[in-house]
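Remarks on the structure that follows.
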Amino acid sequence: MNKLRIFFISVTLLLFVFTLPLCAKDLPWDMPLPFKKATIHYAVTGNETGSETLFIKNNGQQRATHHDTTMSMMGMTTKTNTIEIVTPDWVTTYDLEERTGNKTTNPAKIFNTEYNKLSKEEKRNVDKNAEELGASLMSMGGTSRPNAKEILGHACDLTEIAGITKVYTIHATDIMLRSETSVMGMSTTITATSFDTSSAIPDTAFKGPKEIVITHDQEAEAMMTSMIHSIMDKLKQPDGAQQLKNAPLSPYPAGMGVPAQQQVPTTNQQGNQPGQEEMMQEMEQGLKMIKGLFGE
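For the sequence shown, the numbering used here puts the final residue at 279, and the numbers step up evenly by one.
Written out as structure tokens, the structure reads:
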């Protein structure tokens, strides 16, 4: 799994902490859904075009996202065809184009474990810091409006961040029904076109190709775990909000520079910019996760 993707997953979960009140029995990453199962089809339009389908089981404890799109950028076209399966324990991703697969521990599980280790006083600090950071997020151009719009019969809350992304989620849940992202001249809209809570979920929705071998990405998981530990170590302090404001998050350990493969590349001899294209795709993927508040 790409290191920037791990970074955005961790930041996404942290944004949950910022925007939703925490309590011991109802953590943001344990958010209950008002339905047991669902199949949601989406149309993807803009610089990225195609389709996405989200399958949900066990009140949201199990989710599978099938994403099949084409992105046009800087005169180049890139195909993305993935399956991401999320369970309480694992996040497993199949790349159907590259025929590769990997898995990492569900970051929500790590957050949950760390939160449950805290004393009552530390949990109160997390609550206070989360509220303060949420207010800071809103003051930096973010807005949040409950029941802003009805989509496919569902009342949706609107979250907007810095004019970059608008996300409509089913009220008091993390299920996105529409998102609009515009950054650096690129724009993508994902819109739910159908929502079905009655039909059976096919078993194949939660399976990838048998010939793709899944690798446990130990390096990415170690980096993600380290970041989550760092976030929680700050949030549990009385001045944790201020600490996080003063110390921007980084996917790389303290004292290390950005690895060469993650730096902005130069144009190759053929005039193409594959490295820059990959970086822009990663940014787009990260923004998608932030959009949905998310999520995937």
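Note that the Cβ used here is the ideal one computed from N, Cα and C, for glycine as well.
Look at the alpha carbon of Y25 and the alpha carbon of K62, and state the distance between them as a whole number of angstroms.
-> If you draw a straight line from the Cα of Y25 to the Cα of K62, it is about 17 angstroms long.
Helix, strand or coil for S209, going by three-state DSSP, please let me know.
-> Three-state result, S209: helix.
Closest residue to M56 among E104, T148, V150 and V166 (Cα-Cα distance) | Here the closest residue by C-alpha is V166.
What number of angstroms, rounded off, separates the C-alpha of K27 from the C-alpha of T164?
-> At residue 27 the sequence reads Val, which differs from the Lys that was named. Spanning the two alpha carbons is a distance of roughly 11 angstroms.
Is R82 helix, strand or coil when you go by DSSP?
-> In the structure shown, R82 adopts coil according to DSSP, grouped into three states.
Hey, R161 and L141: beta-carbon distance below 7 angstroms or not?
-> Not in contact: R161 and L141 (Cβ atoms no closer than 7 angstroms).
Going straight from the alpha carbon of I173 to that of L79, what length do you get?
-> Distance between the alpha carbons of I173 and L79: 21 angstroms.
Would DSSP call F38 helix, strand or coil?
-> DSSP places F38 in the strand class (E or B) of the three-state scheme.
Ordered along the chain, which non-local residues of its own chain (more than five positions away) have a Cβ less than 7 angstroms from that of T249?
-> Confidence at T249 is low in this model, with a pLDDT of 36, below 50, so the placement of that residue should be treated as unreliable; the coordinate-derived value is given next. Scanning its chain for C-beta atoms nearer than 7 angstroms, with the 5 sequence neighbours on each side dropped, one finds no residue around T249.
Alpha-carbon spacing of F(-10) relative to I214, whole angstroms = In this predicted model, F(-10) has a pLDDT of only 46, less than 50, meaning its place in the structure is not dependable; the value taken from the coordinates is given anyway. A direct Cα-to-Cα measurement between F(-10) and I214 gives close to 12 angstroms.
Tell me, which residues are paired with G33 by DSSP?
-> Answer is V27 and T52, bridged to G33.
7 angstroms CB neighbourhood of N30 in its chain, flanking five on each side removed | Closer than 7 angstroms at the Cβ level, and outside the excluded window around N30, lie M54, S55, M56, M169, S170 and T171.
Helix, strand or coil: how does DSSP classify E194 here?
-> Collapsing the DSSP output to three states places E194 in coil.
Straight-line Cα distance separating L218 from Y98 = One Cα belongs to Y98, the other to L218, and the distance between them is close to 10 angstroms.
Give the single residue among N89, Q220 and T187 whose Cα lies nearest to the Cα of A205.
-> When only C-alpha atoms are compared, the closest one is N89.
Hey, would you say G84 sits closer than 7 angstroms to I195, going by beta carbons?
-> Contact check for G84 against I195 passes: the beta carbons are separated by less than 7 angstroms.
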